[in-house]
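Visitor: 845 is the number of the first residue of the sequence shown in this note's numbering; add one for each residue after it.
Glycine is no exception: its CB is placed at the ideal position from the N, C-alpha and C atoms.
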Amino acid sequence: MRFSTTAIFSIIVGTITSSLAFSPTSSIKSRLSSLFHSSKSPTSSRTHVEDYIADYDSPSEKTTTKTANTGRNGANLVENFYNSLNQRDFTFATNCFSDNFTYEDSVYMGVITNQKEELQSRFLNGVSRLPPKAKIIIEDIACDDENGKVGVKWHVEKDSKILLFTRGCSFYTIDEEGKIVDAFKASEMLIKTDKRFADALVSNASKFSGATDSFVQKLQQQQQQTSFEEEEDENGTSSSSTLSTIEQYYNAWNSRDMELALSYFDEDCTVQTEDPVFVGTIRGKDELRAHLLQNADSLPSSAKIMIDDIAVDRSNGNYGVRWHLEVNGYSLPGLRGCSFCTSDVETSLLKCAFDVTEAPVKIPRVPKGSVFSTLMSVSSRALWNR
């Protein structure tokens, strides 16, 4: 599990993304192949993009829709919400939300707050860009009814095949009335960066980050950390026995103790990353170790992964997490995200993780029927009708 190097490089990649995002959709695949054709797997003659597309062509039977969650109120509510979208019942979908709510799709600019008419329009616009009969499939779910939190890993499919660029994670907060009061959605990146391109960015970032860590910044960080640890020890709330595995992992990452961070993962773990710099699948602890060390070297030591919210499902060992990246206590723009993790119920070790960072380039909020909205719908359908 990793996060973008710096806001600067998110902006760099965002510029590349924006240059392609408004190109005719019929040329997107050829542009992707020409831009990233040099990246090949050591065990395959296929390019990075070809290997990525092949993953989508696999039958969706490899993932299952989670149903029949009797007694799991949050999971049932979210599943009903997704089912209503699949049935194009946008009134029911909107009524799954409280009158006082916030909804943020990180692909779009802005947040929808307490405006159900606008929310219903957003759902209608989103589904209108999908091919007919396409469905949102819940791959896995983390339900924490005690705290009213639900994390979801999902994708969109048609005819039992996953559509390109339609995977993601979402996080929901449920109130006592059984309604959604807060929703955050993070979707995978449209543009998949080449590994060599990402490595070059990280190499330059490591040089830049070293200059940001002045002696004063380090001293302030140490003092703040010491004060925090003393306060937590007095309150008895920082004990590792009271924290979930994923929270302990983040703490280890923040302190740059990568061996401790790795100790929370199963030997055969799989980590999928989706952000403006790193896109790919990491398999096994050896690959994960190299990845974590690379990122630790590229970020200033004051960079921290801050958990905004978490759903801990003790029945199946799943975790849903909302997070953001901070440097010296300041949140960096464009570096928020959502993760979904699975763990072994017996050992508590993390087996799989899927990290999705918000889009670096946002789609403006436009009404359905506008020229821009129509172009987006046509482009999206052209991309998936391959």
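Please state whether DSSP places Phe1122 in a helix, a strand or coil.
Guide: Translated into positions along the sequence shown, residue 1122 becomes position 278. It is coil, neither helix nor strand.
Visitor: Taking the alpha carbon of Asp1199 as the point to measure from, which residue in Ala1105, Gly1128, Glu1032 has its own alpha carbon closest?
Guide: What you label residue 1199 is simply residue 355 of the sequence shown in a count that begins at 1. Taking only the C-alpha atoms, the option nearest Asp1199 is Glu1032.
Visitor: Please name the residue or residues paired with Ala1147 in a DSSP beta bridge.
Guide: Here residue 1147 refers to the residue found at position 303 when the sequence shown is read from its first residue. Val1171.
Visitor: Taking the C-alpha atoms as reference points, what is the distance between Gly1128 and Thr1114?
Guide: The residue you call residue 1128 lines up with position 284 of the sequence shown. The residue you call residue 1114 lines up with position 270 of the sequence shown. Distance between the alpha carbons of Gly1128 and Thr1114: 6 Å.
Visitor: Below 6 Å CB to CB, which residues in the same chain sit around Val1189 once its five sequence neighbours on both sides are set aside?
Guide: As a first step, residue 1189 is located in the sequence shown; it is residue number 345 there, counting from the start. For Val1189, where only same-chain residues beyond five positions count, the Cβ hits under 6 Å are Gly1161.
Visitor: Within 10 Å of its beta-carbon, does Lys1005 have 16 or more other beta-carbons around it, so buried, or fewer, so exposed?
Guide: For the purposes of this step, residue 1005 is taken as the residue at position 161 of the sequence shown. So Lys1005 counts as exposed.
Visitor: Can you give the beta carbon distance from Ile1149 to Tyr1094, rounded, assuming they're within the 8 Å contact cut?
Guide: The residue given as residue 1149 occupies position 305 in the sequence shown. The residue given as residue 1094 occupies position 250 in the sequence shown. With 8 Å as the limit, Ile1149 and Tyr1094 qualify as a contact, their Cβ atoms being about 5 Å apart.
Visitor: Give a yes or no on whether the C-beta atoms belonging to Gln964 and Thr938 are separated by under 8 Å.
Guide: The sequence position of residue 964 within the sequence shown is 120, counting from 1. The sequence position of residue 938 within the sequence shown is 94, counting from 1. Going by C-beta atoms, Gln964 is nearer than 8 Å to Thr938.
Visitor: Quick check on Ser1192: does DSSP put it in helix, strand or coil?
Guide: To locate residue 1192, count along the sequence shown from 1; it is residue 348. Three-state result, Ser1192: coil.
Visitor: Among residues of its own chain, excluding the 5 on either side of Thr1125, which ones have a beta-carbon nearer than 6 Å to its beta-carbon?
Guide: In the sequence shown, counting from the first residue as 1, residue 1125 sits at position 281. Excluding residues within five positions, the ones whose Cβ falls inside 6 Å are Gln1116.
Visitor: Where does Tyr947 fall in DSSP's three states?
Guide: Locating residue 947 in the sequence shown gives position 103, where the first residue counts as 1. Three-state DSSP puts Tyr947 in a strand.
Visitor: Output the distance between the C-alpha atoms of Lys960 and Gly918, rounded to the nearest integer angstrom.
Guide: Sequence index remark: in the sequence shown, residue 960 carries index 116 (1-based). Sequence index remark: in the sequence shown, residue 918 carries index 74 (1-based). About 20 Å.
Visitor: Report yes or no: do the stretch 973 to 981 and the stretch 1161 to 1177 share at least 3 C-beta pairs separated by less than 8 Å?
Guide: In short, these stretches do not touch, since the Cβ pair count stays below three.
Visitor: Span of the alpha helix (DSSP H) holding Thr938?
Guide: Your numbering for residue 938 matches position 94 in the sequence shown. Per DSSP, Thr938 belongs to the alpha helix (DSSP H) from 934 to 939.
Visitor: Is it right to say Thr1186 is buried, meaning 16 or more other beta carbons lie within 10 angstroms of its own, or is it exposed?
Guide: Counting from one through the sequence shown, the residue named residue 1186 turns up at place 342. It is buried - the Cβ of Thr1186 has at least 16 other Cβ atoms within 10 Å.
Visitor: Between which two residues does the beta strand (DSSP E) carrying Arg966 extend?
Guide: Numbered from 1 along the sequence shown, position 122 holds the residue referred to as residue 966. Per DSSP, Arg966 belongs to no beta strand (DSSP E); it is in the alpha helix (DSSP H), 960 to 972.
Visitor: In whole angstroms, what is the alpha-carbon distance linking Asn927 and Asn920?
Guide: Numbered from its first residue, the sequence shown carries residue 927 at position 83. Numbered from its first residue, the sequence shown carries residue 920 at position 76. About 10 Å.
Visitor: Quick one: using the 10 Å Cβ neighbour count with 16 as the cut-off for buried, is Asp1101 buried or exposed?
Guide: The residue you call residue 1101 lines up with position 257 of the sequence shown. Exposed, since its Cβ has fewer than 16 Cβ neighbours within 10 Å.
Visitor: Do Val996 and Arg932 count as a contact pair if the criterion is CB distance below 8 Å?
Guide: Along the sequence shown, read from residue 1 onward, the residue named residue 932 stands at position 88. Along the sequence shown, read from residue 1 onward, the residue named residue 996 stands at position 152. Cβ atoms of Arg932 and Val996: not closer than 8 Å.
Visitor: Please identify the residue among Asp1157, Ser1175, Lys1029, Gly1164 whose C-alpha is closest to the C-alpha of Ser1146.
Guide: Along the sequence shown, read from residue 1 onward, the residue named residue 1146 stands at position 302. Per the Cα distances, Ser1175.
Visitor: DSSP three-state call for Gly1022: helix, strand or coil?
Guide: Looking up residue 1022 in the sequence shown gives position 178. Gly1022: coil per DSSP, three-state reduction.
Visitor: Kindly give me the distance between the Cβ atoms of Gly1173 and Pro1204, rounded to whole angstroms, as I take these residues to be in contact under 8 Å.
Guide: Along the sequence shown, one-based indexing puts residue 1173 at 329. Along the sequence shown, one-based indexing puts residue 1204 at 360. 23 Å between Cβ atoms; not a contact.
Visitor: Return the CA-CA distance between Ile872 and Asn991, expressed in angstroms with no decimal places.
Guide: Position 28 of the sequence shown, counting from 1, holds the residue named residue 872. Position 147 of the sequence shown, counting from 1, holds the residue named residue 991. Caution is warranted here: a pLDDT of 35 is assigned to Ile872, below 50, making its placement in the model unreliable, and the coordinate value is therefore given only provisionally. Approximately 43 Å, taken between the alpha carbons.
Visitor: Just how far apart, CA to CA, sit Ala1155 and Ile956?
Guide: The count along the sequence shown starts at 1 and reaches residue 1155 at position 311. The count along the sequence shown starts at 1 and reaches residue 956 at position 112. Roughly 23 Å between the two C-alpha positions.
Visitor: Rounded to whole angstroms, what is the Cα-Cα separation between Ile985 and Gly1164?
Guide: Counting from 1 along the sequence shown, the entry for residue 985 is found at position 141. Counting from 1 along the sequence shown, the entry for residue 1164 is found at position 320. If I take the Cα positions, the gap works out to 8 Å.
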